[in-house]
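If you're matching positions, the sequence shown starts at 1 in the working numbering and goes up one per residue. Just so you know, even glycine gets a beta-carbon here, dropped at the ideal spot from N, CA and C. Remember, it's a predicted structure, so these values are computed and weren't measured experimentally. See below for the structure under consideration.
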Amino acid sequence: MAYSQSNGRTTLQGTAHASKGMTIKRGYAKLLLRFLVIAVILGTVFSFGAIVQAYAGEGTVTVSTPITSVQPSAKSNQHEKIVIQSGDTLWGIADTHKKKGENTRSYVEKLKAFNHLTSSSLQEGQVLLLP
Numbered sequence: 001m002a003y004s005q006s007n008g009r010t011t012l013q014g015t016a017h018a019s020k021g022m023t024i025k026r027g028y029a030k031l032l033l034r035f036l037v038i039a040v041i042l043g044t045v046f047s048f049g050a051i052v053q054a055y056a057g058e059g060t061v062t063v064s065t066p067i068t069s070v071q072p073s074a075k076s077n078q079h080e081k082i083v084i085q086s087g088d089t090l091w092g093i094a095d096t097h098k099k100k101g102e103n104t105r106s107y108v109e110k111l112k113a114f115n116h117l118t119s120s121s122l123q124e125g126q127v128l129l130l131p
């Protein structure tokens, strides 16, 4: 602050910038805008994640397609069928039914491919064909 004298009067003159108050308001406005942008982005990401989890959860959707053949063959009747019980896993089934010396992991993959499975989750009562 500075004092000046003119015509015998002493007046107080401000040397601070008049826009200083506006700078603080602009700073808060920028901060608020950044906060809102980040909040919208995070809200969108979390909403998208919730939608994906709701509609693409593992084991929640079962698609059954009937297998039909134009000419039935005797070979299709030779596959053993097993009904999934509570606690059964693909690994346990593969370990029990694989050929001697065969890798369990490769038999699990065969089971999944042969039964058109996209995941390793099984439902009680589901019927699997053994390759």
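Start-to-end residues for the alpha helix (DSSP H) that takes in residue i
i	result
Leu111	104-114
Leu122	It is not in any alpha helix (DSSP H) - Leu122 carries neither H nor E in the DSSP assignment.
Ile82	First-last for Ile82: 81-83, but that is the beta strand (DSSP E), not the alpha helix (DSSP H).
Thr96	90-97
Integer Cβ distance of residue i from residue j, believed to fall under 8 angstroms
i	j	result
Ile84	Leu122	5 angstroms
Gly130	Ile82	For the sequence presented, residue 130 should be read as Leu rather than Gly. At roughly 7 angstroms, the Cβ-Cβ gap stays under 8 angstroms, so Leu130 and Ile82 are in contact.
Extent of the continuous beta strand (DSSP E) run through residue i
i	result
Leu117	Careful: Leu117 lies outside any beta strand (DSSP E) and carries neither H nor E.
Leu128	127-129
Reference residue i, options the options, closest by Cα
i	options	result
Leu128	Arg26, Thr104, Glu80	Glu80
Thr111	Gly125, Glu124, Ile93, Gln126	Sequence inspection shows Leu at residue 111; the Thr mentioned does not correspond to that position. When only C-alpha atoms are compared, the closest one is Ile93.
Thr89	Ser120, Leu32, Ser47	Ser120
Ser86	Glu124, Thr96, Gly27	Glu124
query: Are the region 43-56 and the region 91-101 touching by the rule of at least three beta carbon pairs closer than 8 angstroms?
result: Contact fails: fewer than three Cβ-Cβ distances are below 8 angstroms.
- request: Any chance you could list the beta strand (DSSP E) runs of at least 3 consecutive residues sitting entirely within the region 29-58, in chain order?
  value: Fully enclosed beta strand (DSSP E) runs of 3 or longer: not present.
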